[in-house]
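Novice: My questions will all concern the structure given below.
The following block contains the structure:
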């Protein structure tokens with residue numbers, strides 16, 4: 352077996368494989384909770400790999416909605432601090448869009464003074480990605496260059512080619528798994544590889560046909576020309592777009608407990624008024640419209656400047672959770688049409 | 004375990020905590036403990052607090068910082084907020100100047116000598132003192148922004164021969180709101196021109212009344228540089244005034260104030276356009292942030 | 058990480074959401090895509106609903122007052138003492154000297170058992186809850202006109218309306234998921250009419266924004282009816298076939314000419330006409346209202362006027378139509394359904410009806426009192442007078458939410474015994490002799506009934522903190538100590554009993570609820586539930602028109618401003634939970650009084666300055682916000698903030714028909730704090 356060889360995994364062998372991996376790692380996978388797909392700890396229930404990508408991104412396993420940064424304990428006037436060790440996890444079924452989000456976050460959280468809580472979780476997590484052969488209604492990953500096929504960033508990559516999964520390794524850890532559990536795999540056949548290409552190009556076509564692409568210049572122009580005051584009027588201020596976005600990573604920090612307690616961080620949202628408001632009451636981005644514009648600028652201008660990658664992965668979650676049904680892609684198109 | 008894109012860390016801060024493993028502490032967000040060793044009342048709502056940073060063995064840690072940098076200061080149970088360093092690295096002890104604004108600053112000001120608070124940092128770029136050397140320096144501030152300028156003024160006073168003419172123009176709302184009044188004499192003694200003004204005078208006030216720009220009379224722009232900190236309106240007015248006198252925009256340094264949570268460029272609270280004030284600032288040159296003020 | 062499907066704890070929308078649990082701790086929440094109301098969306102409070110659950114302030118152990126201080130006690134002692142003291146008071150002063158206030162935050166199961174505790178164990182009908190302060194006029198008014206006091210239609214029905222009249226509801230702020238459905242209808246072409254003196258977000262989005270003066274609702278509603286009848290736009294077939302009393306209505310509204318309406322309400326004849334025509338000509342029109350309609354001393358009349366409007370236009374019993382009172386608590390509908398009211402058992406079976414009483418006596422195996430009890434605010438008056446001596450309060454905070462805070466304080470302090478169950482210490486638990494720490498929504502099983510009569514599951518995701526317990530267990534334990542059989546092993550078992558004695562809940566069982574729940578009436582296990590009420594007939598046969606007249610309200614020249622109260626988007630009710638949610642409290646950290654710019658200029662007040670708002674009896678210092686959101690002459694203060702409890706200023710000005718206090722109209726004056 353060579354390092355870059357693609358293998359084939361029978362559908363029926365997936366569960367035995369993750370059962371074996373689950374002996375040493377917590378397996379996180381899309382499962383059905385009351386009938387809906389969600390990423391949660393897998394306990395042997397049916398997998399929801401065929402369902403749409405869950406509404407809540409598995410990025411929350413690296414950047415949780417709320418997590419303990421450290422605990423502080425006071426003892427005779429001095430403090431001691433306790434870290435929360437990361438869990439060893441395997442995330443099964445992460446889609447290319449979310450994988451791309453992790454790549455962007457790695458640039459932001461993993462470099463220049465790496466964010467320890469993020470980096471430690473990242474280091475102790477194995478990602479088994481799943482290519483999107485049947486993209487969801489809301490998706491525009493192809494326009495953002497982040498899907499429907501994953502290029503890199505995974506340890507293992509699955510593509511459902513009908514008769515089973517084509518399995519590719521993207522890291523030494525992935526390779527190790529393939530070797531250590533080789534009894535579940537067969538050599539992939541050329542037709543498996545061909546079928547992968549065919550299915551993914553069909554998927555890409557489907558996605559691009561649904562929403563025409565915009566060039567980065569068009570997006571920039573659209574942001575400038577959008578009437579943010581009008582968008583502000585409609586926005587119901589739920590913050591959902593930024594709370595559900597896999598690339599959004601704003602956080603706030605709070606203490607809970609005196610004299611002993613925890614310093615926690617929670618996901619925050621730059622579209623909320625208090626986000627940039629200073630204690631003096633002055634707010635550099637006082638109007639909601641300005642904040643919504645900033646949200647777009649961050650995704651399409653600032654993050655690309657910083658990381659070389661778009662801050663939007665085209666998962667479409669922001670539009671689908673928008674209480675005001677503001678389609679994030681359409682308003683850009685409308686602005687330049 | 005895919006570490007491909009987890010690049011090796013780059014040092015972006017110009018100063019660091021002395022001692023081992025501190026970078027990891029910063030990225031873990033775990034603060035260093037610091038003991039309050041002195042508290043001076045600067046005005047009714049502003050204290051100058053002297054701190055002794057401690058390591059795990061309770062030994063004093065020396066902080067390596069430069070003027071214009073800031074600390075994230077914690078009161079456990081209330082939280083953490085950015086506070087400018089008010090002392091000069093040329094002098095001990097480490098000092099922060101805290102003005103009552105919200106719950107956390109109230110908590111800091113409630114501390115007594117001997118109490119512990121948390122500090123992380125120093126953060127931010129600080130004033131480019133090397134670029135200021137050999138030039139005439141104008142230091143202008145208003146309100147609580149003067150704390151960070153005091154760090155620079157004392158730094159200059161202690162390295163006076165490195166700089167040419169140095170002028171301080173400081174404005175406050177009332178005579179009671181003036182900080183560091185006991186130090187003006189020592190600055191003058193070090194050969195620094197000091198001008199003070201207030202917006203509203205009271206019976207005891209014999210000094211200037213009006214805008215800080217009125218204090219800037221005989222300043223020489225070539226080769227000139229300026230350090231500014233204060234309310235945005237004032238900064239803008241001063242910067243424009245300096246430009247009209249021939250100062251170059253890239254030589255005018257402005258210290259910005261923003262809401263912050265992490266200090267290390269992750270939480271996004273402090274962004275101004277695509278800049279992070281915590282890592283790329285808080286000191287920006289006027290040509291960079293003039294439009295964003 | 059586990060994700061547990063449950064129902065949001067805040068407003069009446071009843072959104073389905075997932076609670077994310079890691080190592081026994083709630084660490085997040087996300088919307089449920091398959092839930093019919095949430096549809097994969099939530100408001101800001103919903104997204105952040107997880108944050109208060111493990112707050113260190115949670116009550117974790119029972120407390121008993123000893124020597125003026127509340128000290129830690131065992132459950133056994135707290136329960137025994139409560140049972141003993143209530144029993145003593147009952148034996149000394151009669152059963153009507155004790156009372157129970159249940160909670161719209163509690164589950165149906167908890168409300169049912171507390172109601173049973175009051176009636177079967179304490180033998181009193183002195184039981185009420187916060188519905189008295191919100192939709193008592195809806196229950197009173199709609200029962201008379203339609204025969205049922207709840208929303209006639211489901212929330213999704215609003216998305217299919219052709220015209221929607223929203224009145225007295227800051228829907229975008231208080232029921233954002235309902236607002237989303239309304240705005241969906243508007244984007245489909247429906248006409249949105251908003252009547253609100255405040256310029257709320259939904260008002261700014263409206264096609265027609267009527268800005269009536271406070272207290273003129275009957276006048277402009279009658280004015281619209283008058284125009285509709287005059288223009289022959291009334292639905293004569295519907296009126297003939299399904300209603301009675303139209304002639305009297307026609308006669309009564311005829312005097313409400315556009316000119317008269319303008320005089321009373323300030324609404325221009327043009328706007329009134331536009332609204333009347335848009336509403337009447339729409340094939341499917343709906344009315345949505347909330348506290349701005351009910352919390353008045355003529356709240357029931359306001360409701361009756363709106364009921365007249367939908368009846369006259371035949372907008373009942375079909376998708377896209379109806380009269381829809383929006384409930385402000387996730388289970389205020391359920392608490393009413395469970396009979397946590399002084400007049401009825403579950404399913405609105407009247408205590409005064411001997412047949413109903415006999416049925417409940419048989420079911421519970423004990424005799425029951427027959428005379429209705431006083432309402433919540435009346436209880437406070439009775440307590441101050443010494444008529445009520447012992448109260449059990451479940452998760453309510455009357456010190457913040459009831460009118461006239463000083464009176465409430467006097468009332469609660471004059472009690473011989475007060476027991477309070479809550480999740481956090483509140484201004485009310487501070488006055489208690491016994492405090493029970495109870496489970497939050499994330500820590501218990503049960504059901505909530507949302508504003509649209511949807512009975513839904515709330516599922517236990519984590520253990521309660523410390524020694525806290527689900528309140529259904531507290532109620533059962535107290536009942537047992539007072540000699541009533543109450544051996545329930547689970548909340549589900551309580552629901553089985555509810556289904557047996559409550560006709561509209563007859564077909565409700567946990568197995569059937571799933572993600573979407575069931576709309577009551579659901580009389581039997583094979584019944585699919587009832588989304589739309591009154592499709593074929595009304596419970597009272599024919600619906601009744603009830604003519605109502607505008608009453609001029611006196612203005613007090615010395616107190617020239619009208620103070621109105623309400624909520625902010627970012628907080629819920631008395632703030633017990635949301636003030637402890639980091640981001641919500643950051644968004645709205647303190648109370649402000651909203652003042653119109655013209656008034657502010659006249660008073661010399663700038664944004665951020667402190668002002669003193671004074672009523673005849675009390676005054677409140679508070680920060681001013683200067684905003685066009687309020688019209689000239691009106692000021693607004695939300696009631697979430699214990700630092701500025703606006704109910705110091707409100708008074709016991711009760712609607713005679715429903716006993717709701719007037720929270721929306723208090724005469725005040727304002728001055729700068731430094732003057």
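Residue numbers (the numbering used here), protein chains in the order written: chain A, 352 to 688; chain S, 4 to 296; chain R, 58 to 732.
Where is the CB? At the ideal position from N, CA and C, for every residue including glycine.
#1: For chain A, check one thing: does any of its Cβ atoms lie closer than 8 Å to the Cβ of residue 291 (chain S)?
#2: Return the bridge partner residues of residue 511 (chain A) from the DSSP annotation.
#3: Select from R:563, R:330, R:255, R:365 the residue whose C-alpha is nearest the C-alpha of residue 343 (chain R).
#4: Which complete alpha helix (DSSP H) runs does the region 526–588 of chain R hold, if anything under 4 residues is left out?
#5: Looking at the structure shown, is residue 231 (chain R) part of a helix, part of a strand, or coil, going by DSSP?
#6: On a CA-only basis, which of R:713, R:685, R:676, R:351 is nearest residue 729 (chain R)? Give me that one, please.
#7: Closer than 6 Å by C-beta to residue 12 (chain S): which residues in its own chain qualify, once you throw out the five before and the five after it? Chain order, please.
#8: By the criterion of Cβ-Cβ separation under 9 Å, what are the contact partners of residue 79 (chain S) in chain A?
#9: Is residue 749 (chain R) close to chain A? Criterion is C-beta to C-beta, closer than 8 Å.
#10: Tell whether a beta-carbon distance below 8 Å holds between residue 552 (chain A) and residue 665 (chain A).
#11: Measuring alpha carbon to alpha carbon, tell me which of R:409, R:597, R:698 ends up nearest residue 427 (chain R).
#12: Looking only at C-alpha atoms, which of S:214, S:197, S:163 sits nearest to residue 204 (chain S)?
#13: Could you pull the start and end residues of the beta strand (DSSP E) that residue 251 (chain R) belongs to?
#14: Please report whether the beta-carbon of residue 718 (chain R) lies at a distance below 8 Å from any beta-carbon of chain A.
#15: Using three-state DSSP, classify residue 95 (chain R) as helix, strand or coil.
#16: Looking at the structure shown, is residue 186 (chain R) part of a helix, part of a strand, or coil, going by DSSP?
#17: Could you check what DSSP says for residue 60 (chain R) in three-state terms: helix, strand or coil?
#18: Quick check: the Cα distance between residue 89 (chain S) and residue 50 (chain S), rounded to an integer number of angstroms?
#19: Ignoring anything shorter than 3 residues or poking outside the region 617–657 of chain R, list the beta strand (DSSP E) runs there in chain order.
#20: I'd like the span of the alpha helix (DSSP H) that includes residue 129 (chain R), first residue to last.
#21: How close, in whole Å, do the beta carbons of residue 562 (chain A) and residue 494 (chain A) come, if the pair is a contact with beta carbons under 8 Å?
#22: Taking C-alpha atoms, which residue in R:124, R:663, R:213, R:120 lies nearest to residue 20 (chain R)?
#23: Leaving out five residues before and five after residue 507 (chain R) in sequence, what residues of the same chain have Cβ atoms less than 6 Å from its Cβ?
#24: Which same chain residues, not among the five before or five after residue 137 (chain R), have their C-beta less than 8 Å away from its C-beta?
#25: Under 8 Å between C-beta atoms, does residue 376 (chain A) make it to chain S?
#26: Restricting to runs no shorter than 4 residues, where is the alpha helix (DSSP H) found entirely within the region 19–103 of chain S?
#27: If contact means a Cβ-Cβ distance below 8 Å, which residues of the region 224–248 of chain R contact chain A?
#28: Taking residue 273 (chain R) and residue 334 (chain R) to be in contact with their CB atoms under 8 Å, please state how far apart those CB atoms are, rounded to whole angstroms.
#29: Kindly list the residues whose CB is nearer than 7 Å to the CB of residue 678 (chain R), restricted to its own chain and excluding five residues on each side of it in sequence; keep chain order.
#30: Under 8 Å, do residue 502 (chain R) and residue 516 (chain R) count as touching if we go by C-beta distance?
#31: Hey, out of R:232, R:162, R:84, R:60, whose CA is closest to residue 387 (chain R)'s CA?
#32: Could you tell me whether the Cβ atoms of residue 433 (chain A) and residue 84 (chain R) are closer together than 8 Å?
#33: Going by the CB atoms, is the gap between residue 650 (chain A) and residue 643 (chain A) shorter than 8 Å?
#34: Give the DSSP-derived three-state secondary structure of residue 545 (chain A) in the structure shown.
#35: By the 10 Å Cβ neighbour count, where 16 or more other Cβ atoms means buried, how is residue 534 (chain A) classified, buried or exposed?
#36: Between which two residues does the beta strand (DSSP E) carrying residue 295 (chain R) extend?
Specialist: According to the data block:
#1: So no, residue 291 (chain S) is outside the interface.
#2: A:516
#3: Residue 343 (chain R) has its Cα closest to that of R:365, out of R:563, R:330, R:255, R:365.
#4: As far as the region 526–588 of chain R is concerned, its whole alpha helix (DSSP H) runs of at least 4 residues are 528–538, 548–558, 567–570.
#5: helix
#6: R:676
#7: Caution is warranted here: a pLDDT of 34 is assigned to residue 12 (chain S), below 50, making its placement in the model unreliable, and the coordinate value is therefore given only provisionally. Once the five neighbours on either side are set aside, residue 12 (chain S) has no close Cβ partner at all.
#8: The answer, in chain order, is 423, 425, 430, 606, 608, 609, 610, 611, 612, 614.
#9: This structure cannot speak to residue 749 (chain R), because chain R is shown only from 58 to 732.
#10: no
#11: R:409
#12: S:214
#13: 248–252
#14: No, because no Cβ of chain A sits closer than 8 Å to the Cβ of residue 718 (chain R).
#15: coil
#16: Coil, per DSSP.
#17: strand
#18: 11 Å
#19: For the region 617–657 of chain R, whole beta strand (DSSP E) runs of length 3 or above, ordered along the chain, are 618–623, 649–652.
#20: Taken as a continuous stretch (DSSP letters only), residue 129 (chain R) belongs to no alpha helix (DSSP H), being part of the beta strand (DSSP E) at 126–129.
#21: 6 Å
#22: The question about residue 20 (chain R) has no answer, for chain R in this structure spans 58 to 732.
#23: Here the set comprises 69, 71.
#24: Only residues of its own chain outside the window of five on either side were considered, and among them 538 have a CB closer than 8 Å to the CB of residue 137 (chain R), listed in chain order.
#25: no
#26: 25–31
#27: 229, 233, 234, 236, 237, 240, 241, 244
#28: That belief does not hold up - the Cβ atoms of residue 273 (chain R) and residue 334 (chain R) are roughly 20 Å apart, past 8 Å.
#29: 667, 669, 730
#30: yes
#31: R:162
#32: no
#33: No; because the gap between Cβ atoms is not below 8 Å, this pair is not in contact.
#34: helix
#35: Exposed.
#36: If you look at residue 295 (chain R), you'll find it isn't in any beta strand (DSSP E); it sits in the alpha helix (DSSP H) that goes 293–299.
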